[in-house]
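A.B. asks: Numbering (the UniProt record's numbering), first residue to last: 1 to 441.
Glycine included, every Cβ here is placed at the ideal spot set by N, Cα and C.
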Amino acid sequence: MTTDVLLSNISSDTNILNAFSFEEYISPSVWASFIKVVNASLLPEQTYGEDRPSEDNDFVCFREKVLHGLEALSNFMNKYATSTVPQSFSRDAMVGLLILYAEHSSPEIWTSNDSRNILASCSRVLCSIFGCTSPSELLLGQCQNTNGPCFKQALLLLRPKLLRNSWRKHPGAVASYKWLLFQVYAPNLSEYLDVVSPTALIILDDHDIERRLIGLDCVSHIIGNVTRTEMCQRGLHTVFYEALAPLLLQHHVQQIEPTVSCLIKLLSVTERGYTRSTEPGMWDQFDKTISTLIDRMVIEDQIPLRLAYIKSLGPLMTAMGPSVIRWSKPLLSVFDGYLSKESFDTREYALQALQSFLNLTALRINKNGDAILFLLLRALQDISTEINEKSVQPIIPELIKENIILIKKLAPAEFKSVQEELSQLSANSYMKNFLLGISAA
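1. Give the C-beta separation of residue 125 and residue 154 to the nearest angstrom, bearing in mind that I take them to be a contact with Cβ-Cβ under 8 angstroms.
2. Around the Cβ of residue 192, are there at least 16 other Cβ atoms within 10 angstroms (buried) or fewer (exposed)?
3. CA-CA distance, residue 431 and residue 339?
4. Buried or exposed: where does residue 171 fall if 16 or more other Cβ atoms within 10 Å of its Cβ makes it buried?
5. What number of angstroms, rounded off, separates the C-alpha of residue 194 from the C-alpha of residue 375?
6. Whole angstroms is fine: what's the gap from residue 245's alpha carbon to residue 293's?
7. Assign residue 133 to buried or exposed, taking buried as 16 or more other Cβ atoms, counted over all protein chains shown, within 10 Å of its Cβ.
8. Could you have a look at residue 221 and say whether DSSP puts it in helix, strand or coil?
9. Output the distance between the C-alpha atoms of residue 87 and residue 220, rounded to the nearest integer angstrom.
10. Is residue 166 near the ligand GDP, in the sense that its beta carbon is under 7 angstroms from a heavy atom of that ligand?
11. Evaluate the contact criterion for the segment 248-268 versus the segment 212-229: three or more CB pairs, one atom per stretch, below 8 angstroms.
12. Ends of the alpha helix (DSSP H) at residue 179?
13. Let me confirm a value: residue 61 is counted as buried when at least 16 other C-beta atoms fall within 10 Å, else exposed. Which label applies?
14. State the Cα-Cα distance for the pair residue 286 and residue 209, rounded to the nearest angstrom.
15. Between 334, 138, 356, which has its C-alpha nearest residue 346's C-alpha?
16. Is residue 394 helix, strand or coil when you go by DSSP?
17. Is it buried or exposed for residue 282, if we count other Cβ within 10 angstroms and need 16 for buried?
18. For residue 404 and residue 418, what's the separation of their Cα atoms in angstroms?
19. For the pair the segment 161-175 and the segment 138-153, tell me if three or more CB-CB distances fall below 8 angstroms.
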């Protein structure tokens, strides 16, 4: 049904809401009109979706015509809040209004400043009616006279619009689902894990990058607010990993860092701590993940992707912990490529990742120290010419210095040996003075 038809069918209902006197009892028919206006104001099914994401022009008519119904709802809510006659607020009306507010809770191409302001006001009034401070308390039934949580009821109302064959045509329902999900945190989210997970996974498995990023946000929120036991009992830890891991193989810059961040959050729960799924020191999914990331980093030549990969490497190594030591050889090869003069865009993050690597593999510094010092001295030589040309970022020499000082602390003998060798070579004055300053530190 089109927007015109939906909104034209509620003219009598908006009149009822606007004309209703709160000196009398609110009959079921009045609540029916309220719910009808709410449902008509929800974004209807779109004719596109399978072949392309939504565009601004798709919603010009809707943004203009929906305001009439929203104003009637706002008028009714304000009169209800100031009424002196005791009335009970319909639970179905409350849930419907929360879903509608969720569609307009943030700037979207189907919303306007007016629609967002009107529904934000309705949300505040609704909270005041039930004596709570936020919609989250309403959803979880933590207010007066709410007759228990309504979070699951709201999700089930959205479910028909969020099936695998229908969700792309309901961007408003997707926005509502995300907003509802982000209102619930640990420990309350665990109770609804079976309800919220399917939709997040469906959205994540999409061909459009913008919609996939929404799915990543939702999956990350779920993982961050449930325990390992709750995930593993349902097998969701494996489902989440198998859904996330292939995203590292796709050439979309925007999704690399969020994907790695989400994987870190998942694996930090399932592969670390007393509930880890493998014995300490055994190959686990952290190894599988860093192996995939290293493979992509070695062959990638596009600067934006290289930058996204190297930004993600440090946090992944830190989450992985000392077991990253078994990846020393391939990681040194990565640092070699990402610290080269031709890769000036990635050097800052490569040096930060190298610093994390040194801290995590301190026990193996005697084996790796010489190779790492060589990489750092080569980078130092590269920037010695760039400094003269004033093209080097000030943070690069500082990061090199921090790394060399760390090696000096962890492997003083190797540092002294390299310094003696360098003094006999034709190193430029910048390098000699740089190392002399570190020796004196």
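C.D. replies: The short version:
1. Contact between residue 125 and residue 154 does not hold, since their C-beta atoms are separated by about 18 angstroms, which reaches or exceeds 8 angstroms.
2. buried
3. 17 angstroms
4. That one is buried.
5. Rounded to the nearest angstrom, the two C-alpha atoms are 49 angstroms apart.
6. 10 angstroms
7. exposed
8. helix
9. 41 angstroms
10. Looking at this structure, you won't find the ligand GDP or any other ligand, since it has none at all.
11. yes
12. 171-181
13. exposed
14. 25 angstroms
15. For the residues 334, 138, 356, the minimum Cα distance to residue 346 belongs to 334.
16. coil
17. exposed
18. Going from the Cα of residue 404 to the Cα of residue 418 covers about 11 angstroms.
19. Cβ pair count under 8 angstroms is below three, so no.
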